[in-house]
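Here the structure is laid out as structure tokens; the discussion comes afterwards.
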Amino acid sequence: MHCATCGKELRRGSRLNLPTESLLFCTETCMRHYVLAQTALPRYAIEDFGIRTAPMNWGDRNCFSPYLGVSFRSWFECRVAEHIVCHWQTQIFYEAHSLPIDDRHCYIPDFWLPECGVWLEVKGEWRLGAKSKFERARDILGPNRLLLVPESCSSWFKRRKLCP
Ligand SMILES: [Zn+2]
């Protein structure tokens, strides 16, 4: 398995227990370059996926970012959002969309970056069924459109000095 941007071989540990066939990156720089090089999806393409606005659900959003004024479901998500807002200079929405993946199930990606036409799934631990849901969604949207930010990348998003 190689970095999708620079082609460098990835450490074995960095891809353990991850969904197969997802694009992975060797550094935050490589991930950022890849995402920012994608182009926005035309509106009809998003509608063709059957994507709807996700229902607002506050249930277990316990991780509040004073920087963004938004509550997230995990600190990992919170740090990724803060980092992207501060360092990537692109728009980002949290749980914006709901994607039907079969007759009964929908999948809500964590983040939507409309200027890049990319969704990000930030995943610390995989709960039962989460991996197959993610893989189904990635097959529908495309591996370049639904990207994974796995636990092994969490050190890229440790809280540093955030922009004012
Ligand atoms: Zn790389």
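My numbering numbers the first residue of the sequence shown as 148 and each following residue consecutively.
No residue lacks a Cβ here, since even glycine has one placed at the ideal position from N, Cα and C.
As computed with DSSP, E156 is found in a beta bridge with H149. Within 7 Å of the C-beta of C177 there is at least one heavy atom belonging to ligand 1. Taken through DSSP and simplified to helix, strand or coil, S169 comes out as coil.
Using a 10 angstroms sphere on the CB of R190, the tally of other CB atoms stays under 16, which defines it as exposed. Taking each of K270, W273, L215 in turn and checking the Cα distance to P311, the smallest one comes out for L215. Spatial neighbours of K155 in its own chain (CB-CB distance under 7 Å, excluding positions within 5 residues in sequence) are listed in chain order as H149, C173. The C-beta separation of L246 from I287 comes to about 7 Å, placing the pair in contact by the 8 Å criterion.
Taking C-beta separations shorter than 7 Å and ignoring five residues to either side along the sequence, the partners of C253 in its chain run S245, L246, P247, following chain order. With a threshold of 7 Å, the Cβ atom of C253 does not count as near ligand 1, since no heavy atom of the ligand is closer than that. Listed in chain order, the alpha helix (DSSP H) runs fully inside the segment 262 to 308 are 277 to 288, counting runs of at least 4 residues. With respect to the C-alpha of L309, the residue from W235, F281, L295 having the closest C-alpha is W235. Short of 6 Å from the beta carbon of R285, and not among the five residues preceding or following it, lie these beta carbons of its own chain, in chain order: L293. Between ligand 1 and C173, a heavy atom-to-CB distance of less than 7 Å is present. Every alpha helix (DSSP H) stretch that sits fully inside the segment 188 to 264 and reaches 4 residues is listed by chain position as 190 to 195, 222 to 234.
Residue burial is scored here from C-beta neighbours: K305 has fewer than 16 other C-beta atoms within 10 angstroms and is therefore classed as exposed. Closer than 7 Å to some heavy atom of ligand 1: that describes the Cβ of K155.
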